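Report on the following structure.
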Amino acid sequence: MCISLVEMNVYLSPSFHWMMHFESFVLKFGSPYNFWTYPFERANGLLTRINKNGHGLGELETTMARGWYKRMACTALVQQLQDIPNPSNDDKLTTERLLKAIGGGFEGKRQRGMLQAVLARKARFLGQEHVQLAKNGISVNLMEPQYLEDYAWLVAYCMVQLPGVDVYGDGRELAGGVHLAPNGTVKSFSHVFVLGMRYGADFHHRGKRSRYGYIQGRIPVLIKRIYTIQLVTLDDIEHRFTCAVVQRFCAPQVMPVFPWDLWQRHLAYDAWEYNQLDPPEVISVQDFSGVFALTDIEFTYGHYWITAAMDRDKPEPYDP
Numbered sequence: 002m003c004i005s006l007v008e009m010n011v012y013l014s015p016s017f018h019w020m021m022h023f024e025s026f027v028l029k030f031g032s033p034y035n036f037w038t039y040p041f042e043r044a045n046g047l048l049t050r051i052n053k054n055g056h057g058l059g060e061l062e063t064t065m066a067r068g069w070y071k072r073m074a075c076t077a078l079v080q081q082l083q084d085i086p087n088p089s090n091d092d093k094l095t096t097e098r099l100l101k102a103i104g105g106g107f108e109g110k111r112q113r114g115m116l117q118a119v120l121a122r123k124a125r126f127l128g129q130e131h132v133q134l135a136k137n138g139i140s141v142n143l144m145e146p147q148y149l150e151d152y153a154w155l156v157a158y159c160m161v162q163l164p165g166v167d168v169y170g171d172g173r174e175l176a177g178g179v180h181l182a183p184n185g186t187v188k189s190f191s192h193v194f195v196l197g198m199r200y201g202a203d204f205h206h207r208g209k210r211s212r213y214g215y216i217q218g219r220i221p222v223l224i225k226r227i228y229t230i231q232l233v234t235l236d237d238i239e240h241r242f243t244c245a246v247v248q249r250f251c252a253p254q255v256m257p258v259f260p261w262d263l264w265q266r267h268l269a270y271d272a273w274e275y276n277q278l279d280p281p282e283v284i285s286v287q288d289f290s291g292v293f294a295l296t297d298i299e300f301t302y303g304h305y306w307i308t309a310a311m312d313r314d315k316p317e318p319y320d321p
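Following the working numbering, the numbering of the sequence shown begins with 2 at its first residue and continues without gaps.
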């Protein structure tokens, strides 16, 4: 196929295969043929000895992949129907029937497994809660040392959510203000599901494995704590907020160069300063927009975190 594209004068981006033969590439990254490819060659050898559903000699079984793409296509169709402005009764009926036909219906099931979680990220299925907290929350005392630092940030967050309302913490009382009491008003949770994706709190043992996430698109953060706040204003209206204390990753001072830079827009791989975080801030949990895998790499000129987005929910478009 590549030869055919070249014969038709189609521009092809530089590939890893032929770039690794350049002297500059070998000096920077080493020779892949020496030891880097050994695990992959061994994996290929294992694949050739696997026989599954009549497929052998390294031929991959694609039943799961075909099912995944069918599921994505059906999910995209349902989402398009649900995004119709002012849907008619026929549109609603069609959507309900599709939901019941896809895998027995999504409404009452919590999605499990990575593929299902990926599909659940943006799908707004009928009857599925947008935000779902962990079953058990802990009522906290914001004057305790482990929570005291968050107290002022939560007060400031409430003031942003309630324009024109003066909210104060444990200190000087404000005339006409609303008191955010340190006891009985705030609960801490280990994790929260937002559009089917799990986000956990770093300070809770049940949340550590999912303590990283994206906000507002592709901004990676460390999730420190997850809170709910119940506040009654002077007009006797009760307000409830579900928020999280997060710290953003820091952009690198020296941008590293990687072999995949030409495809970075499609791969969604980004580099950040290793173990460097911005000051804590409080956000709504609805600002969470996806999850990523995290690793690190060290060069002579810097140590970096590498984030790889794991929230793909449809096939990538062809973009030569």
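Ideal Cβ positions, reconstructed from N, Cα and C, are used throughout, including at glycine. This one's a predicted model, so the numbers in the text were calculated from it and none came from an experiment.
Could you give the DSSP three-state label for GLY138: helix, strand or coil?
Numbered from 1 along the sequence shown, position 137 holds the residue referred to as residue 138. It is coil, neither helix nor strand.
Among GLN287, CYS159, ASP297, nearest to VAL233 - alpha-carbon criterion
In the sequence shown, the residue the question calls residue 233 occupies position 232. When only C-alpha atoms are compared, the closest one is CYS159.
Kindly list the residues whose CB is nearer than 6 angstroms to the CB of ARG113, restricted to its own chain and excluding five residues on each side of it in sequence; keep chain order.
Position 112 of the sequence shown, counted from the start, is the residue given in the question as residue 113. Annotation note: pLDDT 40 at ARG113 (below 50); position unreliable, coordinate value reported separately. Closer than 6 angstroms at the Cβ level, and outside the excluded window around ARG113, lies no residue.
Take MET198 as the anchor and find which of ASP271, PHE289, TYR302, PHE300 has the nearest alpha-carbon.
The sequence position of residue 198 within the sequence shown is 197, counting from 1. It is PHE289.
Under 8 angstroms between C-beta atoms of ALA252 and ILE307:
Position 251 of the sequence shown holds residue 252. Position 306 of the sequence shown holds residue 307. No, the pair does not count as a contact, with Cβ atoms beyond the cut-off.
Compute the distance between the beta-carbons of VAL193 and ALA135, then report whether it is under 8 angstroms.
Taking the sequence shown and counting its residues from 1, the one referred to as residue 193 is at position 192. Taking the sequence shown and counting its residues from 1, the one referred to as residue 135 is at position 134. Cβ atoms of VAL193 and ALA135: closer than 8 angstroms.
Could you give the DSSP three-state label for VAL79: helix, strand or coil?
Here residue 79 refers to the residue found at position 78 of the sequence shown. Helix.
Through-space distance from VAL166 to ALA309, alpha-carbon basis
The residue you call residue 309 lines up with position 308 of the sequence shown. The residue you call residue 166 lines up with position 165 of the sequence shown. Taking the straight line joining both Cα atoms gives about 41 angstroms.
Apart from the five residues on each side of it in sequence, which residues of its chain come closer than 7 angstroms, Cβ to Cβ, to THR296?
To locate residue 296, count along the sequence shown from 1; it is residue 295. These residues qualify, in order along the chain: ILE307.
Taking all protein chains shown into account, do 16 or more other C-beta atoms lie within 10 angstroms of the C-beta of SER5, making it buried, or fewer, making it exposed?
Here residue 5 is taken as the residue at index 4 of the sequence shown, counted from 1. With fewer than 16 other Cβ atoms within 10 Å, it is exposed.
Mind checking ALA245: buried by the 16 CB within 10 Å criterion, or exposed?
Within the sequence shown, residue 245 is the residue found at index 244, counting from 1. Buried, because 16 or more other Cβ atoms sit within 10 Å of the Cβ of ALA245.
Can you tell me the Cα-Cα spacing of LEU47 and ASN87, whole angstroms?
Position 46 of the sequence shown, counted from the start, is the residue given in the question as residue 47. Position 86 of the sequence shown, counted from the start, is the residue given in the question as residue 87. C-alpha separation (whole angstroms): 54 angstroms.
Kindly indicate which three-state DSSP category VAL187 falls into: helix, strand or coil?
Residue mapping note: residue 187 aligns to position 186 of the sequence shown, counting from 1. Of the three classes helix, strand and coil, the one that applies to VAL187 here is strand, per DSSP.
Per-residue DSSP class, three states only, for MET160:
To locate residue 160, count along the sequence shown from 1; it is residue 159. It is helical.
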